[in-house]
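Before any comments, here is the structure.
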Amino acid sequence: MGNYKQACDSQIQKDLKIKAHINICEEDGIFFLEDREKLLHIPIPDSLEADLFSHFINICHFIDAHVHKGAVLVFSTFGISRCSTAVMAYLIHSCKLYLKNAWNFVQKCKNNIRPNRAFVKQLSDWEQRFYITAITDISEPNY
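The numbering of the sequence shown is full-length UniProt numbering, which starts it at 1 and goes up by one.
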């Protein structure tokens with residue numbers, strides 16, 4: 001996970017062996033990829049009206065298709081809300097984690113995550129899709 005500035009830094013790309021990108025910024029960017037098939041761009045704002053839920057399955061499939069080739073950088077403008085939401089959705093889907101476990105895992109990797117309330121609700125809905133009921137109480141102050 002990272003922010004837009006990190007995604008545009010060729011040295012960071014090289015050091016982390018980034019092989020694919022998921023850009024969850026409204027703006028496009030210049031990335032150091034020779035193949036545009038290694039880029040998934042989801043141009044949505046970090047707003048309470050934004051629908052990231054409908055992109056969760058594409059995000060999960062994209063990561064699954066590329067992660068065996070190297071690191072996949074998931075980034076948003078500031079690297080706090082949209083990218084952390086996308087990574088948690090992936091962990092719920094592909095690693096079969098509950099939202100609370102995905103949240104704790106991501107927070108250990110990047111301590112400044114803060115998905116907006118609408119994205120937290122969308123993650124809860126995503127969790128419910130896999131477990132029939134919402135396991136994680138998103139009314140707790142941690143969320």
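The beta-carbon is built from N, C-alpha and C at its ideal position, and this holds for glycine as well. These numbers were taken from a predicted model, which means no experiment stands behind them.
query                                                                                                   : result
CB of isoleucine 42 within 8 Å of CB of alanine 89, strictly                                            : no
First through last residue of the alpha helix (DSSP H) which encompasses isoleucine 132                 : First-last for isoleucine 132: undefined, no H or E at that position.
Proximity winner among Phe105, Asp125, Lys100, Ile18, relative to leucine 39 (alpha-carbon distances)   : Ile18
Secondary structure of leucine 40, DSSP reduced to three states                                         : strand
Residue 149, DSSP secondary structure in three states                                                   : Residue 149 lies beyond the range of the chain shown here (1 to 143); nothing can be said about it.
Segment contact, 8 Å Cβ cut-off, at least three pairs: the segment 74 to 83 with the segment 110 to 119 : yes
Touch test, the segment 97 to 106 against the segment 58 to 75, Cβ-Cβ under 8 Å, three pairs minimum    : no
Backbone secondary structure at lysine 14 - three-state DSSP                                            : helix
Of the listed residues Cys83, Thr85, Phe53, Arg117, nearest to arginine 129 (C-alpha basis)             : Phe53
Rounded straight-line distance, which links the Cα of phenylalanine 119 to that of asparagine 3         : 17 Å
Length of the line joining the Cα atoms of leucine 91 and glutamine 11                                  : 27 Å
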